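A.B. asks: Here you go, one structure.
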Amino acid sequence: MSAPKLLVFASPSGGGKTSIIKALLERHPEFQFSVSATTRAMRPGETDGSDYCYLTRERFEELISAGDLVEHEQLYGNYYGTLKSETDRALNAGASMVFDIDVRGGLAIKAMYGARAVLMFIAPPSIEVLEERLRGRGTEDEATVRRRMERTAMEMEMGKQFDFTVVNDDLAKAIDDVDALIMKQLSQ
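Residue 746 is where the sequence shown ends in this note's numbering, and the numbering goes up by one at each step.
Right, dumping it as structure tokens:
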């Protein structure tokens, strides 16, 4: 295999990227997962340091000022970002790292790391299916669902700049397709 890669995944909320990433990490325990930092509240079942690094707004803003984030964005009233220390940890260990982030964050990583970053956009089969998935999760109120849906057109457009797009209309097939694309990238 070649040098380690930064395997960056993005999609609109409800696109299925987290499910695909979980399956990919089960298949490839040698991959490391980048735990993003956020100021949002922890959801039921989440664990600090595993799902996210939960930070106060003040601490997050300190990291921004210090230049300690590879990328960051404010979404839905909360900050999200990737700690530079996370990326350095994987690259220094010679391991490929998987990122579950926003489209803008993915493009920022590509701008910083070039060919070492492989961007995978996970697209829904349709906007209607995406909205159905979001509502089916039951984790957001109506206003949040509407905000996430309003953002979808921008995310779909920016996703066109990614290296690969996989349509998640069948989860098992999407997982296999993503796995094949990544293995091809890692063998080059």
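We put the CB at the ideal spot given by N, CA and C, even for glycine. Since this is a predicted model, take the numbers as computed values, not measurements.
Kindly confirm or deny that the segment 567-581 and the segment 656-664 touch, where touching means at least three C-beta pairs closer than 8 Å.
C.D. replies: They touch, by the three-pair rule.
A.B. asks: Do you know offhand how far residue 717's Cα is from residue 681's?
C.D. replies: Taking the sequence shown and counting its residues from 1, the one referred to as residue 717 is at position 159. Taking the sequence shown and counting its residues from 1, the one referred to as residue 681 is at position 123. Cα to Cα, the separation comes out at about 8 Å.
A.B. asks: In whole angstroms, what is the alpha-carbon distance linking residue 670 and residue 741?
C.D. replies: Working through the sequence shown from its first residue, we reach residue 670 at position 112. Working through the sequence shown from its first residue, we reach residue 741 at position 183. Cα-Cα distance, rounded: 22 Å.
A.B. asks: Grab me the residues of residue 668's own chain with a C-beta within less than 6 Å of its C-beta, minus the 5 sequence neighbours each way, in chain order.
C.D. replies: Reading the sequence shown from its first residue, position 110 is the one you call residue 668. Excluding sequence neighbours, residue 668 sits near 675 and 677.
A.B. asks: Run through DSSP, which three-state label would residue 593 get?
C.D. replies: Working through the sequence shown from its first residue, we reach residue 593 at position 35. Residue 593 falls in the coil class under three-state DSSP.
A.B. asks: How about residue 637: is its Cβ closer than 6 Å to a heavy atom in the ligand PLP?
C.D. replies: For the structure depicted, the ligand PLP is absent and the ligand set is empty, with no information on it obtainable.
A.B. asks: Candidates 647, 603, 639 and 579: which alpha carbon is nearest residue 562's?
C.D. replies: Your numbering for residue 562 matches position 4 in the sequence shown. Considering only alpha carbons, the answer is 647.
A.B. asks: What are the start and end residues of the alpha helix (DSSP H) that includes residue 650?
C.D. replies: The residue you call residue 650 lines up with position 92 of the sequence shown. Where residue 650 is concerned, the enclosing alpha helix (DSSP H) stretches over 642-651.
A.B. asks: Report, in whole angstroms, the separation of the C-beta atoms of residue 639 and residue 594, which I expect to be a contact under 8 Å.
C.D. replies: As a working note, residue 639 is residue 81 in the sequence shown. As a working note, residue 594 is residue 36 in the sequence shown. The Cβ separation is near 7 Å, so the contact holds.
A.B. asks: When the Cα of residue 664 is compared with those of 720, 711, 583 and 612, which residue comes out closest?
C.D. replies: Working through the sequence shown from its first residue, we reach residue 664 at position 106. Minimum Cα distance to residue 664 is reached at 720.
A.B. asks: Use the C-beta contact count for residue 574: other C-beta atoms within 10 angstroms, 16 or more gives buried, fewer gives exposed.
C.D. replies: Working through the sequence shown from its first residue, we reach residue 574 at position 16. Its Cβ being crowded by 16 or more others within 10 Å, residue 574 is buried.
A.B. asks: Quick one: complete alpha helix (DSSP H) runs, 4+ long, within the segment 676-720?
C.D. replies: Entirely contained in the segment 676-720, the alpha helix (DSSP H) runs reaching 4 residues are, in chain order, 685-695 and 700-717.
A.B. asks: Quick one: what's got a C-beta closer than 7 Å to residue 583's C-beta in the same chain, skipping five residues either side?
C.D. replies: In the sequence shown, the residue the question calls residue 583 occupies position 25. Closer than 7 Å at Cβ, skipping near neighbours: 589, 591 and 656.
A.B. asks: Thinking just about the alpha-carbon of each residue, which of 598, 560, 586 and 579 is nearest to the one in residue 698?
C.D. replies: Start at 1 with the first residue of the sequence shown, and residue 698 comes out as number 140. The residue with the shortest Cα to Cα distance from residue 698 is 598.
A.B. asks: Which of the three DSSP states is assigned to residue 632 in this structure?
C.D. replies: By 1-based counting over the sequence shown, the position of residue 632 is 74. Correct three-state label for residue 632: strand.
A.B. asks: Just to confirm before moving on: does the CB-CB distance between residue 744 and residue 722 stay below 7 Å?
C.D. replies: Residue numbering aside, residue 744 sits at position 186 when the sequence shown is read from its first letter. Residue numbering aside, residue 722 sits at position 164 when the sequence shown is read from its first letter. Contact flag unset, no.
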